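Protein chains in written order, with the numbering used here: chain L, 56 to 384; chain Y, 56 to 384. Ideal placement from N, C-alpha and C gives every residue a C-beta, glycine not left out. These figures come from a predicted structure and were not determined experimentally. Single-structure report; data block below.
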């Protein structure tokens, strides 16, 4: 037993600043490994800076999640730190400049979430066109028997779909919608030489030439409020917007106005500018489907991600290539 | 003008017993043709039998919809009747035996609805797995901001989907779900030699070997209550049922019990045994999505069907092959 403990104590140390969301859902043993051990900062009675100083020489990696930023200050307290693993796809909670300066390796969740996000985008789109949530309310409220049929919906086949951001998620959305008989075009920073879908260099032109916009890009200074009044007008009265990117990519006030006034047909939204607060006007509208930023929320993918986290950390400590290392453009 | 009227009056006559549902949605001119004229029984002051006797020698075709049965009695009053066109895919409102005896040609809506039905099946499935309608309620009720995230959903990719009835609709469902990374198997009356998906000769075996059952078959004596307690038990606690066939294919009481007791995971239902009455237990459940038998309800498909009806009637009166003639097995 003593030998066993000594062996465990000699394992490389991975710092956890806060419990990852997985702990609440799957318990504390959801990143099991015999090749490293976790140091759980929140279990210590020490203040965080004292805790970090105590372990400064031994922490080789941090496992981070969105709610626990890895700041330059924290990085500087960890001279032995060589790797940051994050459970998210996004990196905006990590001081990338400081990591680069120090030569710290970064790995993220890669594309592990992409299929789930693409599935939800398609689900939201079918829901908006065919009024699934709205007609489910119609049935639950007893209106079918008392007031009759729900109004006609719109057919998905034959629709011209514009994908905004044709990365991993956008490509999977396109693949799915081709099977429904949609025609695909896209906008992204650059035309992709290997992609045959028609490319529009700006999102206004894309909106003017499509029936449906699906927002699959990240939030940057360039994409903030990119879907504005002009773009929504170009999409037009029969147009539908789906957003599984980030809320602030759409000018939400304009979107509310367009939906209320019938200037576009409908919207399916997984993300909002000030989530979890959602504009109260949405709740009164039947032409919008509201999803609580849960595009990545499936058991299977959380499990796959846990496996990926462990495999990346084990690969790092074994000097093997990481599975999802973040490499600068 | 007089010449014009005479010409119109000489056009072959198509009997309408009741206004088709299309009239309420699209107006009286939704089956336009210069090659035939409609006789509208409901516009006459005569009793139906008198009206039919008056026009007995001139009615060559009937345009029928589900709400206006074409009985043997009606057929016998129309000695000149040579064709029945129905706006539905189903034929159960037409006395087929009498039509056969008289050599009356039948045409139906063919597969014009199949894509819409397949789209709704996939939409219901994504909704059940990812809780779109339920989490939309969560957001609309303000629970996201006050109570936090909606529970994790299930991933669609990798699921084993069993299609019950691999006809036009079932095949389109399969094609769509392949794009999501599902594996397909099926049950039908006979194994289809040209289909590569694994075949199960009974639905119990199919349920025992799949995660999701999608009911795409018609209602017959053989399929009534085919999805019973045994089949639902074989599907199991993680299983999902989607029904876009007919309500009575599922033993609805058993389905309610299984959903309430968690013996299956969820259901997406467009059809019900006693629609538009829906078991009240459903309305209290978050693991069921309720759709008011609107799988074929899209503007585009209604328009396509109107065109198809006119083209079939015009082909008939021009002695050309029909587009969607019903031919006995």
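- When rounded, the separation of the alpha-carbon atoms in residue 110 of chain L and residue 72 of chain L is 13 Å.
- Residue 360 of chain Y sits in a helix when the DSSP states are folded into three classes.
- Between residue 284 of chain Y and residue 320 of chain Y, the gap from beta carbon to beta carbon reaches 8 Å or more.
- Non-local beta-carbon contacts of residue 193 of chain L in its own chain, meaning distances under 7 Å to residues more than five positions away in sequence, involve 199, 205 in chain order.
- In the three-state scheme derived from DSSP, where H, G and I count as helix and E and B as strand, residue 284 of chain Y is classed as helix.
- At a cut-off of 8 Å between C-beta atoms, residue 131 of chain L does not count as an interface residue with respect to chain Y.
- Against chain Y, the beta carbon of residue 200 of chain L has neighbours under 7 Å at 331, 332, listed in chain order.
- Residue 275 of chain L counts as exposed, since fewer than 16 other beta carbons sit within 10 angstroms of its beta carbon.
- Close to residue 364 of chain L, with beta-carbon spacing below 7 Å, lies no residue of chain Y; the smallest spacing is near 17 Å.
- Legend: CB atoms of the region 326-359 of chain Y lying less than 7 Å from CB atoms of chain L belong to residues 331, 332, 333, 338, 344, 345, 346, 347, 349, 352, 353, 354, 355, 356, 357.
- Taking C-beta separations shorter than 8 Å and ignoring five residues to either side along the sequence, the partners of residue 181 of chain L in its chain run 187, 211, following chain order.
- Between residue 85 of chain L and chain Y, the shortest Cβ-Cβ separation is not below 8 Å.
- Membership of residue 178 of chain L in the alpha helix (DSSP H) is indicated by the continuous run 169-185.
- For the region 255-314 of chain L, the continuous alpha helix (DSSP H) assignments of 4+ residues that do not extend past its boundaries occur at 258-263, 284-290, in sequence order.
- Within chain L, no residue has its beta carbon less than 9 Å from that of residue 291 of chain Y; the closest one is some 16 Å off.
- The Cβ-Cβ distance between residue 252 of chain Y and residue 240 of chain Y falls below 8 Å.
- Between residue 267 of chain Y and residue 175 of chain Y, the C-beta spacing is not below 8 Å.
- Within the same chain, Cβ atoms closer than 6 Å to the Cβ of residue 279 of chain L are found at 303, the five residues on either side in sequence being excluded.
- If you ignore the 5 residues before and after residue 115 of chain Y, its C-beta comes within less than 7 Å of the C-beta of 67, 68, 135, 136, 137, 138, all in its own chain and listed in chain order.
- Under a criterion of Cβ atoms nearer than 8 Å, the residues of chain L adjacent to residue 178 of chain Y are, in order, 178, 181, 182, 185, 187.
- Rounded to whole angstroms, the Cβ separation of residue 213 of chain Y and residue 197 of chain Y is 35 Å, and the two are not in contact under 8 Å.
- Looking only at L/230, L/147, L/207, L/106, the smallest Cα-Cα distance to residue 79 of chain Y is reached by L/207.
- For residue 235 of chain Y, the closest Cβ of chain L is nearer than 8 Å.
- Rounded to the nearest whole angstrom, the CA to CA distance from residue 256 of chain L to residue 282 of chain L is 14 Å.
- Taking the C-beta atoms as reference points, residue 348 of chain L is found no nearer than 8 Å to residue 332 of chain L.
- Considering only L/328, L/323, L/305, L/293, the residue with the shortest C-alpha distance to residue 316 of chain L is L/293.
- Apart from sequence neighbours up to five positions away, the residues of its chain that approach residue 209 of chain L with a beta-carbon distance below 6 Å are 184, ordered along the chain.
- Scanning its chain for C-beta atoms nearer than 7 Å, with the 5 sequence neighbours on each side dropped, one finds around residue 168 of chain L the residues 144, 351, 356, in chain order.
- Boundaries for residue 203 of chain L: no alpha helix (DSSP H) harbours it, and the DSSP string shows neither H nor E there.
- Separation of residue 270 of chain Y and residue 346 of chain Y (C-alpha to C-alpha, rounded to the nearest whole angstrom) is 15 Å.
- Counting along the chain, residue 227 of chain L sits inside no beta strand (DSSP E); it lies in the alpha helix (DSSP H) bounded by residues 223-233.
- Within the same chain, Cβ atoms closer than 6 Å to the Cβ of residue 70 of chain L are found at 94, 114, 117, the five residues on either side in sequence being excluded.
- Residue 296 of chain Y has a beta carbon lying at 8 Å or more from every beta carbon in chain L.
- The three-state reading of DSSP puts residue 64 of chain Y in helix, counting H, G and I together.
- The residue from Y/83, Y/313, Y/103, Y/173 with its alpha-carbon nearest to that of residue 128 of chain Y is Y/103.
- Here DSSP, grouped into helix, strand and coil, assigns residue 249 of chain L to coil.
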